[in-house]
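*Asks:* Just passing along the structure, written as structure tokens.
Number of protein chains: 2
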Amino acid sequence: MTTSSTMPDKGPIIILVNPQLAENIGMTARAMLNCGLYQMRLVAPKESPLSEKALAASSGADIILQNAQIYPSTEEAIADCDCIYATTARRRGMIKPIYTANFATQEIINQPQHRYGILFGPERTGLHNDDVCLANAIIEIPLNPEHCSLNLSQAVLLVAYEWYQKFISAPQQQFVKGKTEFADKEKITLFLKTIEDKLENSGIFTQPEKRQHMVINLRNIFTRCHITEQELNTLYGVINHLNIPNHSQKS
Amino acid sequence: MTTSSTMPDKGPIIILVNPQLAENIGMTARAMLNCGLYQMRLVAPKESPLSEKALAASSGADIILQNAQIYPSTEEAIADCDCIYATTARRRGMIKPIYTANFATQEIINQPQHRYGILFGPERTGLHNDDVCLANAIIEIPLNPEHCSLNLSQAVLLVAYEWYQKFISAPQQQFVKGKTEFADKEKITLFLKTIEDKLENSGIFTQPEKRQHMVINLRNIFTRCHITEQELNTLYGVINHLNIPNHSQKS
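Here the protein sequences line up with chains A and B, keeping their order.
Just so you know, the first sequence maps onto residues 1 to 251 in our numbering.
Just so you know, the second sequence maps onto residues 1001 to 1251 in our numbering.
Here it is in structure tokens:
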């Protein structure tokens, strides 16, 4: 487990304003750790981040809860930050830029010299206007307008997730194949020739057009699926085990 | 509330394989509705999607639970789909493409002619290999490798969120200003002239360099923050109320 002294302090500070339920504090800690965010601040929480309920709900993200800092007011919680975003689900007559979670987290990544804090309001009411107006911009997560009420920890999860995706820049697609390698084209060609010969001998190709059609389909299948050596061995095993009738020998 | 007959069927089908807890089925329904996904399938769930616990946890996403379809096996649940993704947190020696949630959902958006299903495994174990190998590709959500265990509904939320962002293509930034308009440049110039004159008269500019420095800063502030007419009126109100000493009159 990460210890307090080695806790990374990159990434925005997650500030929960007046959270009501210990479970939500715990689940938020879990979501933060899932996404590599370590700094939690709580403004006048109703329950302790170290309560049994919070610790249980964090599913092992104790480190976040143990290091959570508690403040009496939002102003004090944000005092050492130089840019604040406020998350809201409803618009409320503020004159303010509104960013998606995607856009806001890209801003955070683009400006590593700044210390960012992100405010999340209490479960039932969301942030008060007195808190929203302290923010440089609003984060509004684009959701189904017919059902946009998110659980507190899920709102944190989505923002933290957006940040982490940009922070790590994970490859968008990979191919896992364990210890085997892709079969090279020579092996694939040999394999295709083997089945084509076996089919030829079995007498399945009654008409030349049928032969061409089947051969092209088989070649497409076994090249498109980017077959590995391990899989090729399985296919040879199957083909050799099957007793494919050899009509050419019989005739 | 959306009724069954008008339920949109765009977007992938969310398939929970052997979910153990009714709460997670309910929370998943909520996450789906948050992100505009309506089609839930359950493979041999331990508890009913219409149980009290599931309905309570759905926070009003009953419509998803009422229309959830139950199947005895994964094969039957995916039978009418033509592309399946399996979500996993651990790699397990499969020879298979791995996509991020971002990449996989872009594929879904790019291929509207296909019916996609996304498999999510039971809470403790995740999907069995027997289910994973039915999938065209694996979705692996990039998360902190030191703490990548997600709650079931949160895994669904992240995938559903990624899909919805592409489905709606929300503007990444906006500016809300209610019924007021941005003040035009003439009004801003007049306002700046007003404060500069008042400051001039107050005797604050003891040195020409100081004057230039302050004036440039003030102009930068009030142009950068893209001020509205409503806010300009507030500023005029403040300035007119303040009794700014008029040294030039006194001298």
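C-beta: ideal position from N, C-alpha, C; glycine also.
Give the C-beta separation of Ile1188 of chain B and Ile1239 of chain B to the nearest angstrom, bearing in mind that I take them to be a contact with Cβ-Cβ under 8 angstroms.
*Replies:* For the purposes of this step, residue 1188 of chain B is taken as residue 188 along the second sequence, with counting starting at 1. For the purposes of this step, residue 1239 of chain B is taken as residue 239 along the second sequence, with counting starting at 1. Contact flag wrong, Cβ pair sits at about 14 angstroms.
*Asks:* Name the chain B residues whose beta carbon is nearer than 8 angstroms to that of Glu231 of chain A?
*Replies:* The residue you call residue 231 of chain A lines up with position 231 of the first sequence. Residues of chain B passing the Cβ test: Ile1095.
*Asks:* Would you check if the distance between the CB atom of Cys148 of chain A and the CB atom of Ala89 of chain A is smaller than 8 angstroms?
*Replies:* Numbered from 1 along the first sequence, position 148 holds the residue referred to as residue 148 of chain A. Numbered from 1 along the first sequence, position 89 holds the residue referred to as residue 89 of chain A. It is a contact, given that the beta carbons lie within the stated cut-off.
*Asks:* Between the alpha carbons of Gln154 of chain A and Leu1143 of chain B, how many angstroms are there, rounded?
*Replies:* As a first step, residue 154 of chain A is located in the first sequence; it is residue number 154 there, counting from the start. As a first step, residue 1143 of chain B is located in the second sequence; it is residue number 143 there, counting from the start. In this model, Gln154 of chain A and Leu1143 of chain B are separated by some 15 angstroms (Cα to Cα).
*Asks:* Suppose you measure from the CA of Leu1157 of chain B to the CA of Ala1031 of chain B; what does that come to, to the nearest Å?
*Replies:* To locate residue 1157 of chain B, count along the second sequence from 1; it is residue 157. To locate residue 1031 of chain B, count along the second sequence from 1; it is residue 31. Near 5 angstroms, if we compare the C-alpha coordinates of Ala1031 of chain B and Leu1157 of chain B.
*Asks:* So, is Pro1171 of chain B buried or exposed, given that buried needs 16 or more other C-beta atoms within 10 angstroms?
*Replies:* For this step, residue 1171 of chain B is matched to residue 171 along the second sequence. With fewer than 16 other Cβ atoms within 10 Å, it is exposed.
*Asks:* Terminal residues of the continuous alpha helix (DSSP H) containing Lys96 of chain A?
*Replies:* Against the first sequence, residue 96 of chain A aligns to sequence position 96. Here Lys96 of chain A belongs to no alpha helix (DSSP H); instead the beta strand (DSSP E) covers 96-99.
*Asks:* Cβ of Arg1224 of chain B less than 8 angstroms from any chain A Cβ?
*Replies:* Along the second sequence, read from residue 1 onward, the residue named residue 1224 of chain B stands at position 224. Not an interface residue.
*Asks:* Mind checking who Gln252 of chain A pairs with in its DSSP beta bridge?
*Replies:* Since the first residue shown for chain A is 1 and the last is 251, residue 252 of chain A is missing from the structure and cannot be characterised.
*Asks:* Got a sec: is the Cβ-Cβ distance from Thr1228 of chain B to anything in chain A below 8 angstroms?
*Replies:* As a working mapping, residue 1228 of chain B is identified with position 228 in the second sequence. By this cut-off, Thr1228 of chain B is an interface position.
*Asks:* Mind listing the chain B neighbours of Ala31 of chain A? Cutoff is C-beta to C-beta under 8 angstroms, in chain order.
*Replies:* Within the first sequence, numbered from 1, the residue matching residue 31 of chain A stands at position 31. In chain order: Gln1154.
*Asks:* Among B:Glu1209, B:Thr1194, B:Val1215, which one has its Cα closest to the Cα of Gly1237 of chain B?
*Replies:* In the second sequence, the residue the question calls residue 1237 of chain B occupies position 237. When each option's Cα is compared against that of Gly1237 of chain B, the closest is B:Thr1194.
*Asks:* How big is the Cα-Cα spacing for Ser1202 of chain B and Phe1191 of chain B?
*Replies:* For the purposes of this step, residue 1202 of chain B is identified with residue 202 of the second sequence, where counting begins at 1. For the purposes of this step, residue 1191 of chain B is identified with residue 191 of the second sequence, where counting begins at 1. Each residue's Cα considered, the two are about 17 angstroms apart.
*Asks:* Which whole-angstrom value describes the C-beta separation of Gln1173 of chain B and Phe120 of chain A, a residue pair presumed to lie in contact below a C-beta threshold of 8 angstroms?
*Replies:* Counting from 1 along the second sequence, the entry for residue 1173 of chain B is found at position 173. Counting from 1 along the first sequence, the entry for residue 120 of chain A is found at position 120. Actually they do not touch by this definition, with Cβ atoms about 20 angstroms apart.
*Asks:* At 3 residues or longer, what runs of the beta strand (DSSP E) sit wholly inside the segment 76-159 of chain A?
*Replies:* 83-87, 96-99, 116-120, 137-139
*Asks:* Select from B:Ala1086, B:Ile1063, B:Gly1093 the residue whose C-alpha is nearest the C-alpha of Asp1009 of chain B.
*Replies:* Sequence index remark: in the second sequence, residue 1009 of chain B carries index 9 (1-based). Per the Cα distances, B:Ile1063.
*Asks:* Measuring CB to CB, does Ala61 of chain A end up less than 8 angstroms from Ile25 of chain A?
*Replies:* Along the first sequence, read from residue 1 onward, the residue named residue 61 of chain A stands at position 61. Along the first sequence, read from residue 1 onward, the residue named residue 25 of chain A stands at position 25. For the pair Ala61 of chain A and Ile25 of chain A, the CB atoms are not nearer than the 8 angstroms cut-off.
*Asks:* Give the straight-line distance between the Cα atoms of Cys81 of chain A and Pro12 of chain A, rounded to the nearest whole angstrom.
*Replies:* By one-based count along the first sequence, residue 81 of chain A stands at place 81. By one-based count along the first sequence, residue 12 of chain A stands at place 12. Each residue's alpha carbon lies about 10 angstroms from the other.
*Asks:* What would DSSP say about Arg1039 of chain B, mapped onto helix, strand or coil?
*Replies:* Mapped onto the second sequence, residue 1039 of chain B falls at position 39. The sequence given here has Gln at residue 1039 of chain B, not Arg. Under the three-state reduction of DSSP output, Gln1039 of chain B falls in the coil class, being neither helix nor strand.
*Asks:* Quick one: complete alpha helix (DSSP H) runs, 4+ long, within the segment 209-243 of chain A?
*Replies:* 229-241
*Asks:* Alpha carbon to alpha carbon, how far is Pro122 of chain A from Arg1115 of chain B?
*Replies:* Indexing the first sequence from 1 puts residue 122 of chain A at position 122. Indexing the second sequence from 1 puts residue 1115 of chain B at position 115. Each residue's alpha carbon lies about 39 angstroms from the other.
*Asks:* Within 8 angstroms (strictly less), CB to CB, does Val1176 of chain B reach chain A?
*Replies:* Along the second sequence, read from residue 1 onward, the residue named residue 1176 of chain B stands at position 176. Yes, Val1176 of chain B lies at the interface with chain A (some Cβ there is under 8 angstroms from its Cβ).
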